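J.: Take this structure, written in structure tokens, and hold onto it; I'll ask about it next.
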Amino acid sequence: MNDRCEVRISDVPVLCAACQARQRGVCAALDAEQLSTLSRSSTKKRLDMGSELIGDATTVEGYANILSGVVKLVKGLPDGREQIVGLQFAPDFLGRPFQAESTVTAQAATNVVLCSFPRRSVDALINQSPQLKQGLLQQALRELDGARDWMLTLGRKNALEKVSSYLLLIASSVESAAKPQGQAVEFDLPMTRQEIADFLGLTIETVSRQLTRLRIDGVIRIVQARHIVVDNPARLKICSGA
2 MNDRCEVRIS DVPVLCAACQ ARQRGVCAAL DAEQLSTLSR SSTKKRLDMG SELIGDATTV
62 EGYANILSGV VKLVKGLPDG REQIVGLQFA PDFLGRPFQA ESTVTAQAAT NVVLCSFPRR
122 SVDALINQSP QLKQGLLQQA LRELDGARDW MLTLGRKNAL EKVSSYLLLI ASSVESAAKP
182 QGQAVEFDLP MTRQEIADFL GLTIETVSRQ LTRLRIDGVI RIVQARHIVV DNPARLKICS
242 GA
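Okay, so the sequence shown: first residue is 2 according to this note's numbering, each after it adds one.
Dropping the structure here:
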């Protein structure tokens, strides 16, 4: 389902004024005129869980801001084996500027809403706006820092710390988007137990045991199979080894 992102009030498009990407994402670097220019070529897209958003080694034709939902980044081997190498959340910028072809597959881990724009529109703004270029660089550096942290998690943490780190990653994205720091957060796990196990280098049985341990210890509550409530994020952070 697609909707135009073009309705305006004053100089700033209405949807842009209320959008997370405008407040906390790369669009915060744009002025009202640049936002209006970008909005004329922007399209809001709603995609179901499992949809492929970007194919590996495909020509880059556009970019998007994630408005809601979780996107997983996947790398594959020639024999078909795959590895989830990252997760993106609202209001992350999805896509790789300055590159002709994508280097990962991006899939909707949950139902997602994107604000998409053609490559030519964003590239033109990047050339005009040093602030936008800096915003994209800052996101890239955050992702680099996150990748280094995850290398530490995979290489040195035990099973409980790994599962706790994964839950903390999801909780932190929910917390920053909707709740003051330190308050209880709840979310649906955006990955299956098998995907979580592969992401953490564990078995499904180990993931399940650690989730049960966190539940028994009162760190989390499990509501149905995939809905998690973290009443005290500080305790979860301690369990993650951070």
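Positions of the beta carbon are idealized from the N, C-alpha and C atoms, including for glycine. Given the structure is predicted, the values throughout are model-derived calculations rather than measurements.
Using the C-alpha atoms, what's the distance from ALA185 back to ALA235?
T.: Roughly 10 angstroms separates the two Cα atoms.
J.: Since PRO92 and ILE67 should fall inside the 8 angstroms C-beta cutoff, what is the C-beta to C-beta distance between them, to a whole number of angstroms?
T.: Right, the Cβ-Cβ distance comes to about 6 angstroms (below 8 angstroms), so this counts as a contact.
J.: Closest to LYS73 by CA distance: which of GLU62, PRO79 and ASP57 is it?
T.: The option with the nearest alpha carbon to LYS73 is ASP57.
J.: If you scan the stretch 62-150 from start to end, which runs of the alpha helix (DSSP H) of 4 or more residues do you find wholly inside it?
T.: Taking only runs of at least 4 residues, the alpha helix (DSSP H) segments lying wholly in the stretch 62-150 are 120-129.
J.: Taking C-beta to C-beta, are VAL105 and GLY70 nearer than 8 angstroms?
T.: No. Outside cutoff.
J.: Rounded to a whole number of angstroms, what is the C-alpha to C-alpha distance between THR59 and GLY136?
T.: For THR59 and GLY136, the distance between alpha carbons rounds to 25 angstroms.
J.: The beta strand (DSSP E) with VAL224 in it runs from where to where?
T.: Looking at the DSSP string, the run of the beta strand (DSSP E) that includes VAL224 is 222-224.
J.: Label GLU102 either buried or exposed according to how many other C-beta atoms from any shown protein chain fall within 10 Å of its C-beta, with 16 as the threshold for buried.
T.: Looking at its Cβ environment, which holds fewer than 16 other Cβ atoms inside 10 Å, GLU102 is exposed.
J.: Okay, do the stretch 15-23 and the stretch 84-99 touch, 3+ Cβ pairs below 8 angstroms being the bar?
T.: Touching, yes, given that three or more Cβ pairs across the two stretches are closer than 8 angstroms.
J.: Would you check if there are 3 or more beta carbon pairs closer than 8 angstroms linking the stretch 41-51 to the stretch 152-172?
T.: These segments do not touch.
J.: When DSSP labels each residue in this structure, what does PRO14 get in the three-state scheme?
T.: Strand at PRO14.
J.: Using a 10 Å radius around the Cβ and a threshold of 16 neighbouring Cβ atoms, would you call GLN211 buried or exposed?
T.: Result: buried.
J.: Please classify MET192 as buried or exposed, where buried requires at least 16 other C-beta atoms within 10 Å of its C-beta.
T.: So MET192 counts as buried.
J.: Could you check what DSSP says for THR207 in three-state terms: helix, strand or coil?
T.: Three-state result, THR207: helix.
J.: Check LEU161 in the structure and name its three-state DSSP category.
T.: Correct three-state label for LEU161: helix.
J.: Can you tell me whether ARG227 is helix, strand or coil according to DSSP?
T.: Looking at ARG227 - three-state DSSP - the assignment turns out to be coil, as it is neither helix nor strand.
J.: When burial is assigned at 16 or more other CB atoms within 10 Å of the CB, is VAL224 buried or exposed?
T.: When all chains shown are included, VAL224 counts as exposed.
J.: Report the CB separation of GLY63 from ARG149 in whole angstroms; it is logged as a contact under 8 angstroms.
T.: The Cβ separation is near 29 angstroms, so there is no contact.
J.: Just the C-alpha distance for CYS17 and LEU36, rounded to the nearest angstrom, thanks.
T.: Distance between the alpha carbons of CYS17 and LEU36 is about 7 angstroms.
J.: Output the boundary residues of the beta strand (DSSP E) element that contains ARG47.
T.: Note, ARG47: beta strand (DSSP E), 44-48.
J.: By DSSP, does ASP199 sit in helix, in strand, or in coil?
T.: Reduced to three states, the DSSP call for ASP199 is helix.
J.: Nearest to SER241 by alpha carbon, out of LEU155, SER40 and GLN195?
T.: Residue LEU155 is the option with its Cα nearest to SER241.
J.: What residue range is occupied by the uninterrupted alpha helix (DSSP H) comprising LEU36?
T.: Looking at the DSSP string, the run of the alpha helix (DSSP H) that includes LEU36 is 33-40.
J.: Within 10 Å of its beta-carbon, does LEU142 have 16 or more other beta-carbons around it, so buried, or fewer, so exposed?
T.: When all chains shown are included, LEU142 counts as exposed.
J.: Could you tell me the alpha carbon to alpha carbon distance between SER117 and HIS228, rounded to whole angstroms?
T.: Each residue's Cα considered, the two are about 29 angstroms apart.
J.: On a CA-only basis, which of ASP232, SER130, GLU144 and LEU153 is nearest ALA30? Give me that one, please.
T.: That would be SER130, whose Cα lies nearest to the Cα of ALA30.
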